[in-house]
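Residue numbers (the working numbering), protein chains in the order written: chain A, 1 to 146; chain B, 1 to 668. To start, the structure under review is shown below, and the notes come after it.
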Ligand code: FES
């Protein structure tokens with residue numbers, strides 16, 4: 001069987017984390033190819049449903065990345081709200097039988113390409129250790145029609 | 001313009017970009033095409049070298065028409081590039097620009113997974129799948145048009161801010177130039193000469209400063225600081241603190257009588273502390289505005305007066321204009337501005353951090369800034385270069401380059417001005433003082449990139465300046481007060497002992513002190529070197545990621561006067577381009593309420609950072625939330641908080657984001 005390749009969905013805010021990932025690209029920093037970015041204006045846009053949707057659809061990990069706390073969020077305090085939700089979600093995930101370590105929140109500024117790469121590498125490594133999402137296959141999601 | 005309505009079935013065109021090999025060298029695009037072609041709704045998948053090019057743009061438009069596309073996906077570079085161009089293509093082909101979906105497969109894909117084509121290809125497939133799923137849920141949107149203010153706030157009154165202000169004033173905009181010191185002019189006003197022409201700095205700067213004062217379109221706010229910025233692009237509200245200078249600017253005639261009678265003597269920062277000034281002072285004769293300022297930390301009247309028992313007050317007596325006013329209080333004013341230029345400049349590296357070089361220990365070790373003041377006719381010695389130990393002109397002067405720069409312990413970057421500044425000082429000594437003064441320049445690399453700089457370097461060599469390729473590790477003082485150091489010259493492989501009666505340290509530039517405060521107030525990123533960050537290092541050198549906020553000059557990194565001036569002009573012209581139409585078009589990324597779903601719980605109001613939501617009465621007894629379009633910035637906090645799913649953000653709806661997640665993960 002092929003080696004387990006984790007799939008990670010990353011919710012990135014437009015102003016810092018998305019730009020930080022761009023910076024990693026501009027600097028040609030090579031990192032684990034396991035992450036797929038979903039762009040949002042602010043990490044505070046993160047609806048807990050998005051994270052649950054990702055795990056339900058078979059993601060092995062979820063990264064939420066925004067601007068540094070306290071003061072960098074483009075919309076003042078969205079990053080704090082995101083952090084609160086992630087903490088709550090971790091407890092919820094545990095209840096559902098998903099290891100809370102599969103969900104991670106990080107602050108990455110527009111110039112921190114190297115940090116973005118490092119966070120992705122670490123999370124990928126962590127999820128390799130944990131193995132596939134235990135819920136995978138619990139919901140049928142092979143159909144591409146919503 | 002007729003927009004295709006979206007009730008019809010999605011007809012999606014996917015345009016995969018090779019990016020001239022940047023993508024296709026690392027991703028198997030044919031495989032991507034084969035996989036995604038099968039997805040429901042995808043009508044055509046096309047590959048091109050550069051979708052951003054004009055001929056390729058035509059192909060996209062043709063394809064939209066021929067295939068009756070109602071969604072367009074471009075899988076290429078980051079959305080921060082070419083977005084407007086692609087949106088225009090859609091519009092030209094009769095499609096609403098918000099039916100465009102960008103998939104970033106270069107910065108997030110081919111550039112970061114260069115050694116794993118299989119994984120990079122799979123990643124691109126997933127990302128495009130996500131894009132397709134999201135695109136199905138896109139809806140046409142109309143950009144928001146807003147009137148803009150024609151005022152501009154320029155923060156910083158150094159050469160960059162001055163030039164930017166004058167350009168804007170000439171263009172008919174009203175400029176508020178905010179400077180934290182008592183005078184505009186910045187560091188350039190302290191220089192004696194400028195390289196490589198050896199023009200006198202004040203001869204070229206003071207006319208500009210005077211123009212700032214006389215222009216009807218410029219309001220000078222010196223001794224003032226920006227405290228808070230709110231509002232939105234085109235309509236910012238800028239709160240400015242006017243520090244009390246205890247002198248009425250409208251009355252003071254700048255005679256300087258008060259400065260003569262003040263009994264306090266403190267180091268004069270304008271002259272790098274080489275002499276003393278009073279607690280009431282005018283920084284230099286050409287100061288603009290030429291009015292006195294009381295330094296409240298040192299003024300006896302302010303520090304020691306008790307009610308009914310004033311202390312000192314000599315300046316009050318001396319002032320014939322009756323301009324001194326110790327009752328002045330800090331004042332905050334608010335200005336409406338369409339755009340803001342940040343030109344706050346930089347600081348000079350503190351050479352005391354390298355005690356081995358003796359600065360701050362031996363008075364005859366000075367910095368390049370002090371050299372400027374010692375050779376400036378307005379300076380403490382009226383322009384006569386003297387050895388601070390002996391009070392006589394020096395016989396031998398040694399310059400040490402890269403102090404704090406190109407130094408892993410301090411700042412890894414090159415200060416870009418140190419080499420030419422020391423050449424300027426060396427040539428100045430030889431040309432203006434005496435050919436007989438011996439000069440050494442100890443350097444790592446002579447970096448003379450700039451128009452006429454290399455020729456200037458040659459001139460210094462021709463004048464007999466001695467160049468040693470190496471930096472001394474320690475400078476010592478001899479019993480007679482003169483200085484000595486050993487330095488290894490890498491060019492001749494020789495260890496030299498240099499005796500000098502003065503050493504000048506080429507201290508580099510560092511980020512401004514209050515950079516964090518500026519970043520927080522204006523939401524500008526900073527780079528790893530600590531300087532502010534432009535939106536794109538090559539193509540958007542004076543923009544930030546926030547519309548209407550521009551940056552220029554040495555707050556972005558070390559640069560010389562020529563470059564700072566060019567940036568000031570560039571920023572001014574960007575502002576004019578931004579405000580010229582009198583209105584700006586804003587992305588319709590704002591919150592929308594579905595009044596049928598809203599339960600009136602007010603959770604959204606409690607999280608909105610901009611107070612953009614209020615309750616309104618919908619019908620008898622039912623209140624629902626309503627969003628003020630002009631105030632909403634589209635962060636989406638309300639949408640992610642609303643328990644009934646009644647509020648969402650256009651272009652980032654729950655449905656769009658959830659579908660994107662599903663699409664990314666769905667197995668084909
Ligand atoms: S904008 Fe980046 S976290 Fe809010």
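Even for Gly, the Cβ is constructed at its ideal location relative to N, Cα and C. Keep in mind it's a predicted model, so treat the numbers as computed, not measured.
Buried or exposed by the 16-neighbour rule on C-beta atoms within 10 Å, applied to residue i
| i | result |
| --- | --- |
| residue 214/B | exposed |
| residue 53/A | buried |
| residue 133/B | buried |
| residue 203/B | exposed |
| residue 113/B | buried |
| residue 490/B | exposed |
| residue 143/A | Unreliable placement is indicated for residue 143/A, whose pLDDT of 44 sits below 50; the coordinate value is still reported in the next sentence. Exposed, because fewer than 16 other Cβ atoms sit within 10 Å of the Cβ of residue 143/A. |
| residue 640/B | buried |
| residue 525/B | buried |
| residue 190/B | buried |
| residue 96/A | exposed |
| residue 193/B | buried |
| residue 546/B | buried |
Residue-level contact to chain B via CB, residue i, 8 Å cutoff
| i | result |
| --- | --- |
| residue 90/A | no |
| residue 40/A | yes |
| residue 44/A | yes |
| residue 53/A | yes |
| residue 49/A | yes |
| residue 87/A | no |
| residue 9/A | yes |
| residue 118/A | no |
| residue 110/A | yes |
| residue 130/A | no |
Test: residue i CB closer than 8 Å to a CB of chain D
| i | result |
| --- | --- |
| residue 53/B | This model lacks chain D altogether, as its protein chains are A and B. |
Min CB distance residue i to chain A below 8 Å
| i | result |
| --- | --- |
| residue 554/B | no |
| residue 520/B | yes |
| residue 652/B | yes |
| residue 83/B | no |
| residue 625/B | no |
| residue 408/B | no |
| residue 665/B | yes |
| residue 586/B | no |
| residue 50/B | no |
| residue 265/B | no |
| residue 127/B | yes |
Integer-rounded CB distance, given that residue j should sit under 8 Å from residue i
| i | j | result |
| --- | --- | --- |
| residue 156/B | residue 345/B | 6 Å |
| residue 196/B | residue 565/B | About 15 Å separates the two Cβ atoms, so there is no contact after all. |
| residue 431/B | residue 395/B | Residue 431/B to residue 395/B, Cβ: 17 Å. No contact. |
| residue 355/B | residue 244/B | No, residue 355/B and residue 244/B are not in contact; Cβ-Cβ is about 38 Å, not under 8 Å. |
| residue 148/B | residue 522/B | About 18 Å; that fails the 8 Å criterion. |
| residue 178/B | residue 154/B | 7 Å |
| residue 19/A | residue 37/A | In fact, because the Cβ distance is near 11 Å, the residues do not count as touching under 8 Å. |
| residue 111/B | residue 131/A | Their Cβ separation, rounded to whole angstroms, is 30 Å, which puts residue 111/B and residue 131/A out of contact at 8 Å. |
| residue 673/B | residue 319/B | What the structure shows of chain B is the stretch from 1 to 668, and residue 673/B is not part of that stretch, so it cannot be assessed. |
| residue 498/B | residue 440/B | 6 Å |
| residue 351/B | residue 375/B | Between residue 375/B and residue 351/B the Cβ distance is about 18 Å, and since that is not below 8 Å, they are no contact. |
| residue 50/A | residue 661/B | 6 Å |
| residue 475/B | residue 488/B | The Cβ separation is near 15 Å, so there is no contact. |
DSSP bridge partner residues for residue i (one or two, in chain order)
| i | result |
| --- | --- |
| residue 615/B | 625/B |
| residue 40/A | 13/A |
| residue 102/B | 74/B |
| residue 382/B | Answer is none; residue 382/B lacks a bridge partner. |
| residue 44/B | 13/B |
| residue 549/B | 340/B |
| residue 19/B | Bridge partners of residue 19/B: none, in fact. |
| residue 405/B | 411/B |
| residue 580/B | According to DSSP, residue 580/B bridges with nothing at all. |
| residue 586/B | 144/B |
| residue 486/B | 497/B |
| residue 593/B | 647/B |
Ignoring anything shorter than 3 residues or poking outside the stretch 422-450 of chain B, list the beta strand (DSSP E) runs there in chain order. Listed in chain order, the complete beta strand (DSSP E) runs (minimum 3 residues) inside the stretch 422-450 of chain B are 438-443.
At 4 residues or longer, and completely inside the stretch 311-360 of chain B: list those alpha helix (DSSP H) runs for me, N to C. The stretch 311-360 of chain B contains these whole alpha helix (DSSP H) runs: 314-318.
Can you check the stretch 55-99 of chain A for any beta strand (DSSP E) of at least 3 residues that lies completely inside it and give the ranges in chain order? Scanning the stretch 55-99 of chain A from its first residue to its last, the whole beta strand (DSSP E) runs of 3-plus residues come out as 61-66.
Contained beta strand (DSSP E) runs [length at least 3] in the stretch 94-140 of chain A, N- to C-terminal order: Counting only runs of 3 or more, we get 103-107.
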